[in-house]
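Numbering (our numbering), first residue to last: 56 to 935.
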């Protein structure tokens, strides 16, 4: 084929361009170090580059996140280590404080050191890194521990990104560290009245019987007996081998000829079992039985048997009874006890009838006024001294002689025998016999100017040679005509009356009114909640029961409670926290409203409608006639306008699903009465916003108005609270209690003091520990400045739990920190591997490219040389 000059030229240009392009490409690869510049250079390489680059970016992000989390966790780890060290020092100082040889100066020095360490612990708790507080949960900008040592953060964990769908928590929220729960711990409670051996403390009343045994005889002058020996009394705590008479001091019965029969001590026990069942028991022991018998009996009440032990009942070194759950994780166990020489139907009767009373638990709480009659007792190992076991207070302090009587007894009170009728308090009457045995019946009218000194003078002027005083809120009358072991002829009963016929003179037909209070040592739960300014709060943390009762299609069912042993919330159903399973239950609400007006209301929980169609209701006796007029009874509605039952009700219905057109079963749930609904009722009552009628609309209107003035509910520890929005110093007083005296549910109680429980309170425990040292109390002590304090020994136990919780958190965050170390190392290695793959994919092989460049240069030069030769050829070359 003939090759033309034109064809030759085209081939040359094509080969030249191709070779130059290849040269340029190789030179660019060498200069940039990359195989391609654009996607179209090599789509396969480019796509692989993008995928590998995405992996590298992901690893970079993971590494950054893990490094920050590691730094955060390491700072937490370091801080927790410091907290453990400080707690160890704190505990050591507590051990030093427990030494009986410490005097006031030594204790004050220890207190100062403990307070410094408490402040240091608060500062550690408020540690921050890069402006982020490490123990505030996810609220990094909020200081976790406030000046009042309350937790201000949240309970949220923060997580580090460790890959697609992979996150790891790297913080310890303060709610977990300082207020967390350990279900491998048990509740441990203690009574607080130190129990000395009453025979050793009062040897003047100890006699030796004809049988050679020792007895208590408080009427030796009448019985013709005498003390076994004359010696000074000593305070020595009882132990498990002590006789019951040594514990209670109940008098033995003299039967003549130097012979005695054992006295009988009656014990009244209230509280709750570990499973939430109420305890409301009374039993008796003879004086010759032992304290160990008493502890065994208490254990039986809480569920102990020969084959199964539920609780451990013991004595501490001060003779105080303690109960500890043997099953961990329980929060409900509660305990209260009082003893007497009398078998009465209830504890109020012990005070009313002037029985000898042995106190085991005191808190100095303000009791409701529930008695119109109290008889004084003089069996407390000094026959001269008569005490009423009442509590006379003026607002928030014990009464003094200068107080106005109307401020102490109240301007109005509930009529004796009535649930709700209030009448004025107009007279205080004293009856009995004077020191000579003569009959006495005197009274004093309470006017606007009558003082408590006038009341005391009324007694002094009528009962012979006596001294009368107010001591710790009680009226004390001393018979000056006898010695401490002689029998007094005096007896004295106090009663409060209303001037029913308004004639200014007391008559027997005038109404008795309940203007008298029992001391809280003889009152478990009929107590006013504590008030601080405009905030009122109960001391009882209510807890959900293990099992709940629901009604499904009318059938009663018992189900396991998913919230068992947790603090109640506003949405908790009250029936799920009761100590008994009943279809109908009543609670009394005794209160003063925002204006200081005294009132009483009744809340009734029902599962079955009454004759008027009511389920749960509240009744406020607005016309003060004691009759539940229909216009005074108000249904308690849920937010949807439904009347509320006691227990939750479930109704199943069969309906067509509109999306699938299939028949399906639907459950309609009507919740039982909740704590929020009870709070709503309390808000309406205390604010004075009562529904105008029994309609849902009126209920909502009253509730809305009430919430503008009064806020109420339950706090994060299950305690009922109320806040008066209208007054900085509120007039409101509030007591809510079981109307049938069964203590099925209570909000304020003179209950046993908690030493430890599954739920922790880091700073609360430390503050109590310091107070224990300030009080000089090794154990809980009703006579200390804070009778609710668990004492130094209790503090040591509680702090050990707190330390254990911190150690667990320390171990947890240490593991997290190590995990992030490994994550970072693994991610760095993976990143290098991917970078290597990316380099292999995109980076130029310099050696290979150089060889190719040389090869292309050679080829190009050869091409040019060939072209030059061809261009020099003429026809003469072919003719030769």
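Even for Gly, the Cβ is constructed at its ideal location relative to N, Cα and C.
Residue 167 has its alpha-carbon roughly 46 Å from the corresponding atom of residue 337.
Around residue 805, the same chain offers 391, 416, 417, 418, 420, 575, 576, 578, 579, 580 and 582 as residues with beta carbons nearer than 8 Å, after the five sequence neighbours per side are excluded.
Counting C-beta atoms within 10 angstroms of its own C-beta, residue 711 has fewer than 16 neighbours from the protein chains shown and is therefore classed as exposed. Residue 540 holds the alpha-carbon nearest to the alpha-carbon of residue 434 among 446, 386, 540 and 366. With distances taken between CA atoms, residue 638 lies nearest to 604 out of 562, 791 and 604. Going by beta carbons, residue 633 and residue 800 fall inside the 9 Å limit. For residue 612, the enclosing beta strand (DSSP E) starts and ends at 610-615.
Secondary structure of residue 648 (DSSP, three-state): coil. Out of 463, 652, 651 and 669, the CA that lies nearest to the CA of residue 659 is found in 669.
The C-beta of residue 560 has fewer than 16 other C-beta atoms within 10 Å across all chains shown, which makes the residue exposed.
Looking only at 207, 847 and 873, the smallest Cα-Cα distance to residue 150 is reached by 847. The alpha-carbon of residue 409 is positioned some 39 Å away from that of residue 853.
Per the Cβ contact rule, the segment 814-829 is not in contact with the segment 249-261 (fewer than 3 Cβ pairs under 8 Å). Closest in alpha carbon position to residue 662, among 671, 654 and 751, is 671.
In the pairwise beta carbon analysis, the segment 764-784 is classified as touching the segment 591-598: at least three pairs are separated by under 8 Å. Residue 564 counts as exposed, since fewer than 16 other C-beta atoms from the protein chains shown sit within 10 angstroms of its C-beta. By a beta-carbon distance limit of 8 Å, residue 646 contacts residue 654. Their separation comes to about 6 Å.
Judged by beta-carbon spacing, residue 245 lies within the 9 Å limit of residue 377, meaning their Cβ atoms are closer than that value.
Distance from the CA atom of residue 322 to the CA atom of residue 723, rounded to whole angstroms, is 47 Å. Between residue 685 and residue 667, the CB-CB gap stays under 9 Å. DSSP lists 710 as the bridge partner or partners of residue 719. When DSSP reads this structure, residue 569 sits in a beta bridge with 469. Excluding sequence positions up to five before and after residue 449, its CB lies within less than 7 Å of the CB of 458, 462 and 463, all in the same chain and listed in chain order.
Distance from the CA of residue 862 to the CA of residue 139, rounded to the nearest whole angstrom, comes to 7 Å.
Closest in C-alpha terms to residue 266, from the list 506, 316, 234 and 837, comes 316. Residue state for residue 835 is assigned as coil, using DSSP reduced to three classes. Just measuring C-alpha positions, the residue of 205, 215, 635 and 573 sitting nearest residue 193 is 215. Using a Cβ-Cβ distance cut-off of 8 Å, the segment 220-234 and the segment 803-820 are in contact, since at least three pairs of beta carbons, one from each stretch, lie closer than that value. Residue 572 sits close to residue 426, with the two beta carbons spaced by under 9 Å. The Cβ neighbour count for residue 359, taken over all protein chains shown within 10 Å, is at least 16; the residue is labelled buried. Between residue 389 and the set 327, 354, 331 and 352, the nearest pair of CA atoms involves 327. Contact between the segment 509-529 and the segment 694-710 is absent: fewer than 3 CB-CB pairs across the two stretches fall below 8 Å.
Rounded to whole angstroms, residue 518 and residue 305 show a C-alpha spacing of 27 Å.
The segment 155-164 and the segment 176-184 do not touch, with fewer than three beta-carbon pairs separated by less than 8 Å. When rounded, the separation of the alpha-carbon atoms in residue 453 and residue 702 is 42 Å. With three or more CB-CB distances shorter than 8 Å, the segment 200-218 counts as touching the segment 114-125.
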